[in-house]
Amino acid sequence: MKKFVSSIFASILLSGSIFSWSLTPAQAETYFPITGSGSTWSQNALDQWRRNVYSNYGITVNYTGVGSSAGRRDFISKTVDFAVSEIPFQSKPEDGSQPEVPLSKYAYMPIVAGGTSFMYNLKIGGKRVTNLRLSGENITKIFTGVIVNWNDKAIAKDNPALTLPNKIITPVVRSDGSGTTAQFTLWMAKQHSSLWNAFCVKLGRQTPCGLTSQYPNFSGFKSQSGSNGVAGYVAQDYGEGAITYVEYSYAKKSGFPVAKVLNNSGYYVEPTAEAVAVSLLEAKINENPKSPDYLTQILDGVYNSMDPRAYPMSSYSYMIIPTEVAGTFSLKKGATLGEFANYMLCDGQRQAEELGYSPLPLNLVQAGFKQIAKIPGASKSANTDISKCNNPTFKPGDKPGNNLLAKTAPMPLPCDKQGSTQCATGQTSGTTKPGASGEDSEGDNSETDPNNPIDPGSGGTGGTGENIYVGPTANGKANLEAYAYEIPKQPWGLNQTLMLIAALLAVLVIVAPAIVVNRINSRKSKGE
Amino acid sequence: MAKKIRSTSLRDPETPDVDFAEKRQLVQVSDFSDKTFAGVARSGGIITLAIMAAVGIFLALRAQAALETQGWNFLTETAWTPENGKFGIAAVLFGTVTIAIIALFVSVPLGLGTALFISEVLPERIKGFAISLVDLMAAVPSVVFGIWGVFFLQANIIPISYWVSSTFGFIPFLAVTDGSGNPLTDPSAFTSSAVIAGFVVGLMVVPTQTSVMREAFSQTPLGEKEGALALGATRWGMIRAVVLPFGRGGIIGGTMLGLGRALGETIAVYMIISPIFEINPQILKSGTNSVSSLIALRYGEASDNGLSALMAAGLVLFLITLVINFTASSIVANSRSGAESN
Amino acid sequence: MTLKSSKNKGTTHLPDNTILAQQPKKRSLRKFRFEDVLDLIGAAASSFAFTWLLFGWLTPLQSTIGFVVSNFFLFLVMYGLISSIKNRGQEIRDRLVSVLLFSAGIILISALLFVVFYTLSRGQLALGNLNFFTQSMERAGPLDPLYVGGILHAVVGTLIQITIALALTIPLGIGTAVFLNEIGGKFAKFVRTIADAMTALPSIVAGLFVLSAFIRTGVVPRSGLAAALAITVMMLPIVIRASDVVLRLVANNLREASLALGASKWRTVWHIVLPTARSGLVTAVILGTARGIGETSPVLLTSGVSSVTNFNPFEGPMISLPLQVFDFVKSPEPTMIARGFGTAATLLLVVLVLFALARALGGKAPGNLTKRAQRAVNKKSAEDQNRIETLMSKSSVIERT
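Chain order of the listed sequences is L, W and F.
Note that my numbering has the first sequence beginning at 20, numbered continuously upward.
Note that my numbering has the second sequence beginning at 97, numbered continuously upward.
Note that my numbering has the third sequence beginning at 88, numbered continuously upward.
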């Protein structure tokens with residue numbers, strides 16, 4: 020029901036913006052175009068906001084998703100006005116690389132929360148699995164090369180209702196410097212440090228090794244650049260058996276399932292907006308305005324949240340905003356940036372859930388407002404009025420730390436609890452949206468054939484509903500279909516010998532006449 | 097000897113030899129407009145030279161900073177972590193060369209065959225059309241080949257790769273195995289491989305090669321060809337005896353020109369491969385790398401040191417292509433067909 | 088003056104064209120007999136039947152590509168066998184090679200055409216919407232369908248970037264080529280060597296140069312100008328080399344004739360050399376443009392990605408068509424990929440048009456004119472002759488009186 024309401028809401032919003040096309044943006048000339056680059060984790064949200072602020076206010080925002088590392092680098096070399104990153108500037112990098120030191124003043128402003136999800140492509144008997152469950156330990160083992168096959172007993176323990184196929188796991192990692200990688204490796208380093216350190220030892224790195232933005236090279240891994248790249252690979256037909264770490268919105272828009280991750284209270288949870296909101300209640304925020312990492316997140320509490328609804332890999336991403344006029348950044352750009360930032364923190368958050376993110380709660384919005392006030396040229400009165408902030412997580416007058424979304428978050432189903440039961444479906448990725456029709460979520464791509472989001476040319480095998488693997492078949496064993504690319508292996512027997520003889524005879528039948536004729540001809544010519 | 101010649105000479109030594117008259121000094125008086133013209137043309141040349149020198153020197157200077165820290169390790173190190181001060185191009189260069197060689201394996205037979213087909217087999221009427229078509233293909237942007245490779249070839253080549261690796265797996269570089277040597281059967285193991293990238297790049301360079309080769313073949317003297325045919329040679333005999341030897345320079349030149357382009361190709365390779373920083377001798381197995389796609393991948397996040405390192409890699413690639421191009425052009429210039437075309 | 092004072096009325100002797108016309112033409116020496124056709128059909132039929140037998144019945148092989156490949160090799164074997172009944176070694180080899188050459192040509196041309204048509208056909212989905220050409224992506228977010236948003240901004244970006252690049256490349260490139268050919272000397276040789284060397288510069292390195300020399304140092308922001316600079320660095324050697332070849336083709340006796348008539352060097356170049364080589368130069372520039380428009384890697388590093396139409400090359404990112412293709416197809420979303428193919432198809436069409444233009448304008452040796460141009464030239468020279476003759480008759484009249 021909630022989904023239905025939210026999709027209706029989104030469609031109203033979308034159609035509203037479609038109608039507003041005919042109106043030329045009124046104050047277009049008062050805004051100066053601003054340019055930013057960085058994270059692909061939050062790119063889906065930024066792209067939507069960029070479009071909305073253009074349609075609604077005539078603000079031009081250029082955003083390039085080049086990866087958090089490249090975004091921070093661009094900010095240092097002042098080729099952009101703002102950058103977006105999941106991790107702060109690495110003044111003391113843990114992987115031994117050089118420190119990143121911006122020359123001009125800057126501040127961090129949270130923009131959107133979300134869950135780093137594990138998008139996978141797995142079929143049992145030709146049907147897509149959508150209810151895979153994984154514990155943190157297994158995830159770490161998969162991404163450090165300890166578990167290499169889907170039929171590993173450890174994964175089976177997480178999934179009592181699935182007969183997982185004998186298929187090699189292809190972990191897909193980011194080839195570019197990425198904040199998603201940094202968040203993921205930070206989580207592994209903190210929560211499963213022995214496994215992560217063992218991996219580092221295997222690669223000849225120093226231990227203890229902390230977070231890194233460049234995922235280490237490892238054989239059997241596939242590396243792709245950008246969130247789009249990894250999600251795109253997993254979504255291909257040949258991506259069967261692949262799993263990757265990517266923001267939930269990418270899985271959502273390509274119509275692929277994400278793994279339910281085991282949280283500290285023994286439930287397997289998906290990175291829904293509510294689950295992320297619940298988790299982030301435990302996020303510690305660096306509240307010291309003097310610290311260079313002011314407002315950056317400390318996520319240990321999130322990883323270990325005891326709430327059964329919490330998704331452990333939740334985090335939020337920051338915009339790095341300039342707080343002094345330098346380089347290409349001017350007061351006029353500051354005014355635009357302030358306006359854009361206000362939109363992101365308030366109205367923009369209404370679409371976060373629809374896109375696959377989670378809206379920011381009141382405390383972060385308030386802190387964000389303080390940062391907007393630091394932007395030179397930004398109008399303080401217009402951009403930092405909390406009572407006019409149209410954010411879905413709070414009503415005016417709420418206490419900070421209160422999150423409407425977290426309050427109304429549903430409890431996980433009992434079948435999602437660790438043990439011998441397993442829910443038959445995942446609630447994710449549009450694949451299970453009951454009766455989601457074109458009208459109520461316009462432009463949502465989850466309706467496209469989830470089997471083949473890339474190639475519309477090759478037809479899927481049927482409707483979404485029948486194609487989802489829900490559990491073992493009647494006789495308790497999954498019906499494994501012969502794999503298309505495999506030549507059936509038969510032992511050499513009488514049949515094969517007979518076939519060979521037949522083939523040779525056939526060759527003889529064809530070749531013999533020619534040879535005979537040749538012989539006769541040459542004899543004739545000799546005779547003459 | 098000299099006497100003998102003089103004695104047989106029919107020319108009267110007394111008459112002045114008109115043919116060997118001394119060259120007269122021609123004095124050219126340049127007026128203002130001529131001087132201006134020469135000045136402008138020369139300054140055009142100087143500006144061009146300055147631009148190119150700037151590129152070269154800048155590249156060399158920036159690369160030097162990175163090369164100094166690494167020394168010869170730059171050529172033997174496989175990892176690429178300039179931030180930690182440890183980087184080398186062994187793996188990327190290996191990938192670049194593998195992809196280029198595979199590209200040649202695809203392009204040379206096709207290009208040579210097509211060049212001969214157009215110049216020797218096709219009737220005059222269709223020839224012009226075929227030539228235009230192939231030349232047009234040389235102008236098709238590489239990103240178009242790239243998306244074709246990613247969206248069509250990648251998925252459709254898997255069964256072939258699988259078949260080749262399972263049938264000819266005993267040949268080391270055609271095998272596809274995991275770390276412990278067990279053959280892999282997963283489709284994922286066959287995507288983003290050097291073969292796919294090489295195939296796409298090969299198709300991309302064929303038109304260039306074909307037109308260079310065809311140009312050389314088309315200059316074969318008609319008399320020699322007809323002579324061969326008149327002596328009873330078949331068409332193939334004539335091609336082997338006359339056309340191929342005559343166009344040898346064009347064949348080698350075209351091949352190397354294609355090789356140069358294949359080494360420098362960026363976007364198509366970048367879109368197809370899954371970059372790795374280790375030497376992967378199994379060409380059908382997923383994972384390879386190339387210098388230019390490394391640059392495309394890492395330019396954004398590179399710090400100043402990182403950029404220097406990328407410059408060094410780019411410089412090495414540039415030098416390799418340079419040597420290949422110069423060899424190619426000197427071969428073409430010194431061959432019979434090349435000498436006549438200039 | 089000289090004409091007026093000359094006493095004997097001269098006539099122009101045209102060179103005898105009949106000698107040129109008598110040059111040997113290639114004679115067709117081959118005849119394709121009906122039997123040969125039958126041989127081919129027979130080989131094709133038997134190889135197909137045999138492959139079918141192999142794949143469907145005798146062995147557990149089952150793959151379309153395997154079928155085609157086996158069929159081809161079997162066809163070669165069969166054709167060889169059939170030919171061997173009537174012919175000897177040389178002739179058999181000749182036939183087999185003919186088949187191989189034929190297949191190489193067909194395979195290559197069809198493979199290349201397939202690449203093009205694959206792009207065009209998958210691009211249809213996006214190209215079918217008119218808004219694809221009239222809008223930019225500024226109003227299209229990740230959730231929007233194909234009837235929203237287009238690539239106008241990329242078309243504009245491409246046009247602006249290539250215009251700047253051409254404004255730099257044409258004068259510099261052709262000027263340098265003129266310098267190499269008409270001024271000459273040791274320095275020119277050196278410049279030619281360096282320009283030749285620079286054609287080997289990988290395009291991404293050109294981008295890397297602009298990135299580190301201009302963008303990172305803050306001289307030029309990531310913008311259309313930066314992209315145009317990168318394209319210029321890449322295109323300049325190509326244009327120089329091509330125009331150099333064209334200028335070298337201008338017959339030397341034309342230059343000598345002009346100089347002998349007392350024209351200055353400058354006039355010779357301006358009125359004789361450049362007009363003669365015009366079509367070739369245009370071709371050189373257009374082909375260079377086609378390369379410059381289609382190259383993605385230099386702009387990837389320099390132009391930045393934008394979804395709005397930016398007319399200002401000096402500020403703000405400005406995307407171009409190839410980069411837009413690259414950016415679209417990175418997304419796993421079907422609509423974005425459809426847009427990517429649509430953009431690629433547009434790019435292909437632009438290149439195709441440029442190429443056709445180059446063919447129409449150039450592709451001819453200097454002095455080799457179209458019928459219309461030839462008629463114009465004839466008319467002009469007839470007028471000249473008239474004028475001269477009237478002048479002569481006048482002068483002879485004056486002299487007589």
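Ideal placement from N, C-alpha and C gives every residue a C-beta, glycine not left out.
- [ ] Name the one or two DSSP bridge partners that E266 (chain L) has.
- [x] L:T135
Task: Unbroken alpha helix (DSSP H) run spanning A146 (chain W), endpoints - done: Residues 128 to 166.
Open item on the list: Just checking: is the beta-carbon of T200 (chain L) within a distance shorter than 7 Å of some beta-carbon in chain F?
Closed with: no
- [ ] Run through the segment 199 to 281 of chain F for me and flag every whole alpha helix (DSSP H) of 4 or more residues, listed as ranges in chain order.
- [x] 218 to 221, 239 to 265
Open item on the list: Based on DSSP bridge pairs, tell me the residues matched to K399 (chain L).
Closed with: Partner(s): none; K399 (chain L) has no beta bridge.
Open item on the list: I want to see whether chain F comes within less than 7 Å of A531 (chain L), judged by CB atoms only; does it?
Closed with: no
Task: Nonlocal neighbours in the same chain, by C-beta distance under 6 Å from N323 (chain L), ignoring five residues either side - done: N283
Task: F94 (chain L) versus P395 (chain L) - alpha carbon distance - done: 17 Å
Task: Three-state secondary structure (DSSP) of F506 (chain W) - done: This structure leaves residue 506 (chain W) out entirely; chain W is present only between 97 and 438.
Task: Neighbour list for S382 (chain W) in chain L, Cβ cutoff strictly below 7 Å - done: K241
- [ ] Check A126 (chain L) in the structure and name its three-state DSSP category.
- [x] strand
Task: Three-way DSSP call (helix, strand, coil) for K414 (chain L) in this model - done: Coil.
Task: Minimum C-alpha distance to A285 (chain W) - residue among L:S213, L:G223, L:P190 - done: L:P190
Open item on the list: Could you compute how far the alpha carbon of G198 (chain L) sits from the alpha carbon of A431 (chain F)?
Closed with: 31 Å
Task: beta strand (DSSP E) runs contained entirely in the segment 368 to 417 of chain W, provided each spans 3 or more residues - done: none
Open item on the list: Among L:M518, L:G387, L:I166, L:L153, whose alpha-carbon lies nearest the alpha-carbon of Y337 (chain L)?
Closed with: For Y337 (chain L), the nearest C-alpha among the options comes from L:G387.
TODO: Just grab the DSSP bridge partners of Q243 (chain L) for me.
DONE: L:R193
TODO: Tell me, please, whether the CB atom of S390 (chain F) is closer than 7 Å to any CB atom in chain L?
DONE: no
Task: Residues bridged to T54 (chain L) (per DSSP) - done: L:N81
- [ ] Mind reading off the beta-carbon distance from I291 (chain F) to S384 (chain F)? Whole number of angstroms is fine, and I expect it under 8 Å.
- [x] The beta-carbon distance between I291 (chain F) and S384 (chain F), rounded to whole angstroms, is 4 Å. This is short enough to meet the 8 Å contact definition.
Task: Proximity below 7 Å, CB of F413 (chain F) to CB of V239 (chain W) - done: yes
Open item on the list: Please return the same chain residues whose Cβ sits closer than 6 Å to the Cβ of A293 (chain W), not counting the five positions on each side in sequence.
Closed with: I195, V365, I368, I369
Task: Close Cβ partners of R394 (chain W) (< 8 Å) along its chain, the five nearest in sequence each way excluded - done: W176, G402, L406
Open item on the list: Within a Cβ cutoff of 7 Å, which residues of the same chain sit near I161 (chain L), ignoring the five residues on either side of it in sequence?
Closed with: I188, P190, I262
- [ ] Have a look at A162 (chain W) and N278 (chain W) and give me their C-alpha separation to the nearest angstrom.
- [x] Note on geometry: alpha-carbon atoms of A162 (chain W) and N278 (chain W) lie some 39 Å from one another.
Task: Within chain L, the residues that E122 (chain F) reaches when beta carbons sit closer than 9 Å - done: For E122 (chain F), there are no C-beta contacts with chain L under 9 Å, since the nearest C-beta of that chain is about 15 Å from it.
Open item on the list: On the CB-based measure, 16 or more other CB atoms within 10 Å of its CB, does T221 (chain F) come out buried or exposed?
Closed with: exposed
Open item on the list: Distance check for D126 (chain F) and L168 (chain F), CA to CA, integer angstroms please.
Closed with: 10 Å
TODO: Could you list the residues in the segment 285 to 297 of chain W with a C-beta less than 9 Å from some C-beta on chain L, going in chain order?
DONE: Listed by position, the residues of the segment 285 to 297 of chain W near chain L (Cβ gap below 9 Å) are A285, F286, T287, S288.
Open item on the list: Applying the 10 Å Cβ sphere with the 16-neighbour rule, what's the burial state of S126 (chain W)?
Closed with: By the C-beta density criterion, S126 (chain W) is exposed, having fewer than 16 other C-beta atoms within 10 angstroms.
- [ ] Taking only the alpha-carbon atoms, compute the straight-line gap between I214 (chain W) and G343 (chain W) and give it to the nearest angstrom.
- [x] 14 Å
Open item on the list: Does the structure place the segment 243 to 258 of chain L close enough to the segment 205 to 220 of chain L that three or more beta carbon pairs sit under 8 Å?
Closed with: no
TODO: Note down, in chain order, all residues in the segment 262 to 277 of chain F with a beta-carbon under 7 Å from any beta-carbon belonging to chain L.
DONE: none
Open item on the list: Once DSSP output is grouped into helix, strand and coil, what is the label at A432 (chain F)?
Closed with: Correct three-state label for A432 (chain F): helix.
Task: Any C-beta of chain W under 7 Å from that of Y82 (chain L) - done: no
Open item on the list: Given this structure, state the Cα-to-Cα distance separating I420 (chain W) from T351 (chain W), to the nearest angstrom.
Closed with: 10 Å
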